[in-house]
Amino acid sequence: MAIKYLFADESGDLQFLRNGKASRYFAVGTLCADEKQVWALRTRLMRLRDELAWKAQGLDSCFHASPDAQVVRDAVFDALVDLEFRFDITLLEKSKAQPSIRPTEPKFYQYAWFFHLSRAAPQLFHQGDSIQVVAAQMGTRKTRAAFRGAVDDVMAQCLPFRAKRVLAFWRDESDFGLQAADYCTWAVTRKWETGDDRAHRLIRSKIRIESDYFGYGTEHYY
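If you're matching positions, the sequence shown starts at 1 in full-length UniProt numbering and goes up one per residue.
In structure tokens form, the structure reads like this:
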């Protein structure tokens, strides 16, 4: 019996076309930690933010891997390496997604999260656990509903017990757990999208599931 925190993030877009701008993959990632680990993570990244501020670095926003300067990125990854947590990620090559699972963007979004959580949740949660699922604040009511539906479906179908849980939608800048999840998701998807595995190698020890969900598929639908 434990209190678990699951910080959720995604990467890529939901455009199903080849135009040189759309991402190849849509990825969903989760950072899981217990109560003690979460407070250690929050404390360390808060301290790092102050340390960087005194050096006149990272002053413009919260930690966000893609736009952050490399010096800030390096410092955040150095901090993450020393922290305890588990990271899981599922990547879906969008061109291999059958049209039947992407009739709308929210529906594909829900499928993507279901694919991810249906594998990860049975490894993460045990009977008696209390679970706080925290997702970055999403732009539309339909997207939030799709995410909530995916979580509910997984908990009902994939766990042989009822799990006490709360689901929160918070802004990225409000919690260092969300910012850490963003960094880990960015590190993995950068490897898959561009072949640059520098950041991935830094957090490799934190990754338990790194799945190319359609990896065995050979048919592309666009």
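A virtual CB, placed ideally from N, CA and C, is assigned to each residue, including glycine.
This one's a predicted model, so the numbers in the text were calculated from it and none came from an experiment.
The residue from 30, 167, 12 with its alpha-carbon nearest to that of residue 124 is 30.
Note: residue 78 is not bridge-paired with any residue in the DSSP secondary-structure output. In the DSSP assignment, residue 91 falls within the beta strand (DSSP E) that extends over 86-93. In terms of Cα proximity to residue 203, the closest of 168, 79, 171, 119 is 79. Beta-carbon to beta-carbon, residue 176 and residue 46 are separated by about 6 angstroms, close enough to satisfy the 8 angstroms threshold. Excluding the 5 residues flanking it on each side, residue 15 has same chain C-beta neighbours closer than 7 angstroms at 22, in chain order.
Nearest neighbour of residue 161 by Cα position, chosen from 136, 73, 183, 130, turns out to be 130. In the three-state scheme derived from DSSP, where H, G and I count as helix and E and B as strand, residue 181 is classed as helix.
The residue from 121, 117, 155, 180 with its alpha-carbon nearest to that of residue 136 is 180. The three-state reading of DSSP puts residue 132 in strand, counting E and B together. Going by DSSP, residue 29 is part of the beta strand (DSSP E) stretching over 25-34. In this model, residue 192 and residue 53 are separated by some 32 angstroms (Cα to Cα). When the five nearest sequence neighbours on each side are left out, the beta carbons in the same chain lying within less than 7 angstroms of the beta carbon of residue 149 are those of 110, in order along the chain. Nearest in C-alpha terms to residue 48, of all of 189, 62, 35, 103, is 62. Measuring C-alpha to C-alpha distances from residue 26 to each of 106, 83, 38 identifies 106 as the nearest.
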